[in-house]
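Q:
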């Protein structure tokens, strides 16, 4: 069986080839940075989290199993690095106004559409509704449609099963569709 | 056949939940297909399932409808996310920073890598620099810390780009990119740490077993070793990969029996290194300790000790500037301030810090500490002033100044004091000549004009240099009414003032001056420069979702009197595009009409269907480019085809069919053409009336220190190139052409090549150094290796027997190095396989008088 380019790079990293590590970082940096940006929502934290992920990958190179692919492993490391960073940040942050399931709270907030121009476009409406989604619903959507990750990659990054990703995506789309219907009706 | 009755034309309708709910009543085949439709629309189905859904949708109209809606839903989501989205990419130099962090925690990995490199080098026939144990001593890996920390040294143009980015966020649904960052990222991709030689004595470059002498203007890149003889010395500029096109991160001086390996690691094998650092810089030492330098002058002496040659003895002196900080892997840290020296190793337990003044006193008798430093302290200082039109000083005005030094141009930012003064202190190294200056009025003085980046002569001699006071008068005021093509007011459009320099081919958007039109389409622009130098013009780019993006020039106005103008916009047309990446959101860049090609583009985010087509996209008349990949690495031109149809109405909406150029795998002709037009658009060569040559970058990146040559054609093809000197920002290189020399050539440090006919330059030059004719960009280099038919391998570094490429279309030469310049000989006719700097290979056919890429 021929080894993938990424696996070959990782094997070279294992043997101490730093240029190969740089190549590996360059190969994945946009994907990992994009993932981090979606999770931690701040360019500075995203870069730090992405760097953490690659540093962890480097230090864990001795555990690399060439019979498995690099990418899922890296995505898992990156997802964990992002969550670590979020935890650290949340520990220092004020309590958040909006939680995971914030439908009730959202209803108490002023209606974001009340002052909207009647001519607001559908695209803008979608953006608004996307922003109103809970983090759990928004993140898979964003990773899929903005970052271009596949379902499997999302599963790897978020540490959940493939079927769970599909369920979450479908649920988020249904919530979105239902809210958009209300927008259209109004 | 379909069991669902659908008579409506659904192609342009939003999804209807009722249709999706009919799923419950559908037959089994439909249910199976519909369960997979979302995955189908997202491109997540396997081949078999994909075929199943596709086949079923062909047979069943109801499911075809459901599938179309699933695709619509997917597309809508992609577009919703795509609006306001900019490609996610970390800052340049990310990989190197990651590596530096990794190695900081695990320094033995660097040692292991170094061993591998040396073994590989030995196998490849490199003379091993550590054949004797006395060499391998200190391993220094350089990385620059946050480019933002270098705010004092930022070049001027990137700041404009940032201000534009701020303006763009206001635009909302539109994303406009000026001086497309694509070009920057493309150059960044190919750059790495390097040294540019300023002065060299008994200095050589060792690479692949070849030892070649170094001359001013030469560059050392990754894998090159700088070797100095016992009486050798060298001054060089150090550039890192993270900050492209800016001034060097540091100036370096080495002397006597020293070796320095350039690359990702700056490895000092033996000797003394003097660093004049311009921005924070971290050095990773071989034993895992780190040495952090700020801006200042530092001397580092490194040598091995111990029988095995693997122990480090380091000494660092901080002569001026920020303190240095040594952090040992064990956790011990010491700060070394100005006037102090730290010893580390050589019997010292931990880090010993001593007072330099005491050392100097003690060593005066023995003549120690008498070396000349990089950047002479004898350089005169500069005093400049900013006033209003009445001569009153303006405090808190922002001044950006690029001034000449012996080591090239350096940029500094100031805020004026209460006397309206800004002062460059002693030791800055400023020299008489031409400075570039930009001045913005204080906050809250929007009525005042600002002074665009322009050249100013530095007056004075030893002692003090001065610049003429900058007077910020009352800014010009323009009252504009924005109208549609049929004369109706266009409310709420955003008007962004833009300055265009015809000579330099530069665009400066002024985001602070951007204003929205009121309900009657009226805007009031204030604070514009009241006078513009020749070749510069001011205009407005009007943004509105329904209009094409056009640069509308304003006629010149004087300060005080408001100019009344009418700006007429033009509706976008609807076009169809084919040949795009299927089922993907793509970026189509549209060049802003009214400006020369390539200066400003508007980004359209589009979603192609499964056939790679867009039925309807709205855009203007500008040239279109397909941007491939979020990293913006490649652009493909989209050519407009014939008009197919017209639809009615007062405003005729034309439907055009766009046919993208064929995207051949690897490098196609189109790829090379783009590279020529965009990537290598890095330098302008011009001749002023006074025969002064300058090389200037229209994209804001300074093509500083490019090598300039005069070319004389050779009989039978090729040319002789005579080295004229290094360019600086601004004109500083006086040219005296010799008979037969008909062209000028500049080689940028990034490998770019610009070539121009002298007659064409002379024909249009009349306005002093800053106003030559902009030239045709005609260069491409970076053909790393050419494999001749006989498999002869030639290298392209400018060393003996090299191959380069010049010209809007590839021209490949065998290059012979001469003492001052080089000779370029044509290669024999035949087909060649060429690899470029991005490791892409393509075939080139050379015939007498014609070189072309063949598929």
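Residue numbers (our numbering), protein chains in the order written: chain A, 1 to 186; chain B, 187 to 1041. The C-beta atom is built at its ideal place from N, Cα and C for all residues, glycine as well. Since the model is a prediction, treat every value here as computed from it, not as a measurement.
So the beta strand (DSSP E) residue 608/B belongs to, where does it begin and stop?
A: 607-610
Q: Can you tell me which of the three DSSP states residue 258/B falls into?
A: DSSP places residue 258/B within a helical segment (H, G or I) once states are collapsed to three.
Q: Evaluate contact between the region 700-716 of chain B and the region 673-682 of chain B, counting only Cβ atoms and requiring at least three cross-stretch pairs below 8 angstroms.
A: yes
Q: Suppose you measure from the CA of residue 599/B to the CA of residue 256/B; what does that come to, to the nearest Å?
A: 55 angstroms
Q: Whose C-alpha, out of 265/B, 531/B, 398/B and 289/B, is nearest the C-alpha of residue 148/A?
A: If we check each option's Cα against that of residue 148/A, 265/B comes out closest.
Q: Just reading off the beta strand (DSSP E) that residue 574/B is part of, what are its end residues?
A: 567-574
Q: Determine the chain B residues that contact residue 74/A at a beta-carbon separation under 9 angstroms, and present them in chain order.
A: For residue 74/A, no chain B residue has a Cβ inside 9 angstroms of its Cβ, as the nearest lies near 12 angstroms away.
Q: Listed from N- to C-terminal order along the chain, which residues in the region 30-42 of chain A have their beta-carbon within a distance smaller than 7 angstroms of any beta-carbon of chain B?
A: 30, 33, 34 and 37
Q: Given this structure, state the Cα-to-Cα distance separating residue 340/B from residue 37/A, to the nearest angstrom.
A: Confidence in residue 340/B is poor, its pLDDT being 28 and thus under 50, which makes the residue's placement unreliable; the coordinate value appears in the next sentence. The C-alpha of residue 37/A is placed about 26 angstroms away from the C-alpha of residue 340/B.
Q: With a threshold of 8 angstroms between beta carbons, is residue 141/A in contact with chain B?
A: yes
Q: By the criterion of Cβ-Cβ separation under 7 angstroms, what are the contact partners of residue 150/A in chain B?
A: 230
Q: What does the Cβ neighbour count give for residue 901/B, buried or exposed, with the cut at 16 atoms within 10 Å?
A: exposed
Q: Please tell me whether residue 676/B has its Cβ less than 8 angstroms away from any Cβ of chain A.
A: Closer than 8 angstroms: no.
Q: Measuring straight from C-alpha to C-alpha, what distance separates residue 614/B and residue 907/B?
A: 35 angstroms
Q: Smallest Cα separation from residue 480/B: which of 488/B, 489/B and 436/B?
A: The shortest C-alpha separation from residue 480/B is found at 436/B.
Q: According to DSSP, residue 387/B sits in a beta bridge with which residue or residues?
A: 419/B
Q: Could you tell me which of 168/A, 172/A and 162/A sits nearest to residue 130/A, measuring between CA atoms?
A: It is 172/A whose Cα lies nearest to the Cα of residue 130/A.
Q: Out of 628/B, 612/B, 790/B and 735/B, which has the shortest C-alpha to C-alpha gap to residue 602/B?
A: Out of 628/B, 612/B, 790/B and 735/B, 628/B has the C-alpha closest to the C-alpha of residue 602/B.
Q: Could you pull the DSSP bridge partners for residue 437/B from this structure?
A: 423/B and 462/B
Q: Whose CA, out of 283/B, 245/B, 224/B and 232/B, lies closest to the CA of residue 49/A?
A: 283/B
Q: Would you mind stating whether residue 729/B and residue 684/B have Cβ atoms separated by less than 8 angstroms?
A: no
Q: Whose Cβ in chain A lies nearer than 9 angstroms to the Cβ of residue 703/B?
A: Per Cβ cutoff of 9 angstroms: no residues; residue 703/B is ~16 angstroms from chain A at best.
Q: Residue 633/B: which of 386/B, 574/B and 503/B sits nearest, CA to CA?
A: 574/B
Q: If you run the structure through DSSP and keep just helix, strand and coil, what is residue 584/B?
A: strand
Q: Take the Cβ of residue 957/B as the centre, count every other Cβ of all protein chains shown within 10 Å, and call the residue buried at 16 or more, exposed below.
A: For residue 957/B, the predicted structure reports a pLDDT of 20, less than 50, and the residue's modelled location is therefore unreliable. A value from the coordinates is still provided. Looking at its Cβ environment, which holds 16 or more other Cβ atoms inside 10 Å, residue 957/B is buried.
Q: Residue 51/A versus chain B: which residues are under 8 angstroms apart at the beta carbon?
A: 280, 283, 284 and 287
Q: Going by other Cβ atoms of all chains shown within 10 Å of its Cβ, with 16 needed for buried, is residue 700/B buried or exposed?
A: buried
Q: At the level of alpha carbons, what is the spacing between residue 24/A and residue 10/A?
A: 7 angstroms
Q: Residues of chain B with a CB under 8 angstroms from the CB of residue 170/A: which are they?
A: 224
Q: Look at the alpha carbon of residue 513/B and the alpha carbon of residue 529/B, and state the distance between them as a whole number of angstroms.
A: Taking the straight line joining both Cα atoms gives about 13 angstroms.
Q: Using only alpha-carbon positions, find the residue among 584/B, 655/B and 438/B that is nearest to residue 1042/B.
A: This structure cannot speak to residue 1042/B, because chain B is shown only from 187 to 1041.
Q: Quick check on this structure: which residue in 795/B, 638/B, 232/B and 642/B has the alpha carbon closest to the alpha carbon of residue 590/B?
A: Per the Cα distances, 642/B.
Q: Could you tell me which of 65/A, 32/A and 46/A sits nearest to residue 13/A, measuring between CA atoms?
A: 65/A
Q: DSSP state of residue 246/B, grouped into three classes?
A: coil
Q: The ligand MN heavy atoms versus the CB of residue 34/A: any closer than 7 angstroms?
A: For the ligand MN, the structure offers nothing, since it holds no ligand at all.
Q: So what's residue 731/B in DSSP terms, helix, strand or just coil?
A: coil
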